[in-house]
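Numbering (the working numbering), first residue to last: 14 to 321.
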């Protein structure tokens, strides 16, 4: 360090060189004139004073080096903080772009979903009504049925977009409200046994719509085929291996024996669509004879632990 300071030609370096030279000269003076006694008169020792100034200058050099090191560290920290702030700004901009792209993609997918549901639901009913009109032999009951189903499809599509705070009980309550007038008009008594189900953390509109369509198709089949007078809707949460289970059981004519193993042959594409929608939300659907001799549609929706 001393060598570097001397080579740097700084003021402290020059002072250190002078102090070192003076200390050497004072040492020679003390050796020859004080210790050995060369000369006529005894001389006063100068070495302690020269060493004091040498140490004082050396301490100044140490303090100077330390101060410059602290300043260099502070400048480095400031530079790193500036670079980090710049990188954070860049990352924030990138995340903002990604967030905007995800929102646009989600909006696009939601629009596609709504268009698909309108086409498959209301669109098919409108086509059926158009065929009835074009045949020029209009059955008021059949036309009314198509209109009612189209209205139910539209209302269900709207309900699936409403905020429900992941509450499955609200979904089933909305279905009851939408279907109740139609069921009363058909003379069908309905018993709803749906307790409060804990909120589910992941219940997107698509899953809500699939669930609503499964229940709607079950009631449509009851009205068309079962000739039932009573329907029981039960739901509960908990148990192994399934988390949520919804049963819709009627007291109608039930499934024919030939349809026990393959209900799709008896009800056509309706049951197949229900199975497809149940699979889409990760649920299992079963159609079988109920205890009263009618038909029971059971939807079992597994929920991983910690999600209720």
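Just so you know, even glycine gets a beta-carbon here, dropped at the ideal spot from N, CA and C.
Hey, would you say residue i sits closer than 7 Å to residue j, going by beta carbons?
i	j	result
residue 263	residue 239	yes
residue 182	residue 209	yes
residue 283	residue 308	no
residue 256	residue 294	no
residue 290	residue 227	yes
residue 44	residue 70	no
residue 167	residue 127	no
residue 195	residue 161	yes
residue 265	residue 241	yes
residue 302	residue 311	no
residue 31	residue 42	no
Express the C-alpha separation of residue j and residue i in angstroms, rounding to a whole number.
i	j	result
residue 111	residue 187	35 Å
residue 18	residue 83	Note that residue 18 scores 48 on pLDDT, short of 50, meaning its location in the model is unreliable and no value can be drawn from it.
residue 285	residue 230	11 Å
residue 184	residue 98	47 Å
residue 119	residue 179	18 Å
residue 33	residue 94	43 Å
residue 212	residue 113	28 Å
residue 206	residue 148	43 Å
residue 37	residue 89	41 Å
residue 296	residue 258	9 Å
residue 156	residue 247	32 Å
residue 191	residue 306	27 Å
residue 116	residue 96	30 Å
residue 85	residue 79	10 Å
For the beta strand (DSSP E) containing residue i, name the first residue and the last one.
i	result
residue 159	Element bounds for residue 159: not the beta strand (DSSP E) but the alpha helix (DSSP H), 153-172.
residue 266	Here residue 266 belongs to no beta strand (DSSP E), and DSSP marks it neither H nor E.
residue 212	No beta strand (DSSP E) contains residue 212, which DSSP labels as neither H nor E.
residue 312	308-314
Which residue marks the beginning of the alpha helix (DSSP H) containing residue i, and which one marks its end?
i	result
residue 297	Note, residue 297: premise wrong, no alpha helix (DSSP H); beta strand (DSSP E) at 297-302.
residue 181	181-198
| said: Measuring CB atoms only, is the segment 56-66 touching the segment 101-113, in the sense that at least three cross pairs come out at less than 8 Å? | reply: Not touching, per the Cβ criterion.
| query | Which full runs of the alpha helix (DSSP H) of 4+ residues lie inside the segment 214-250, going along the chain? | reply | Those alpha helix (DSSP H) runs which fall completely within the segment 214-250 and span 4+ residues are 218-234.
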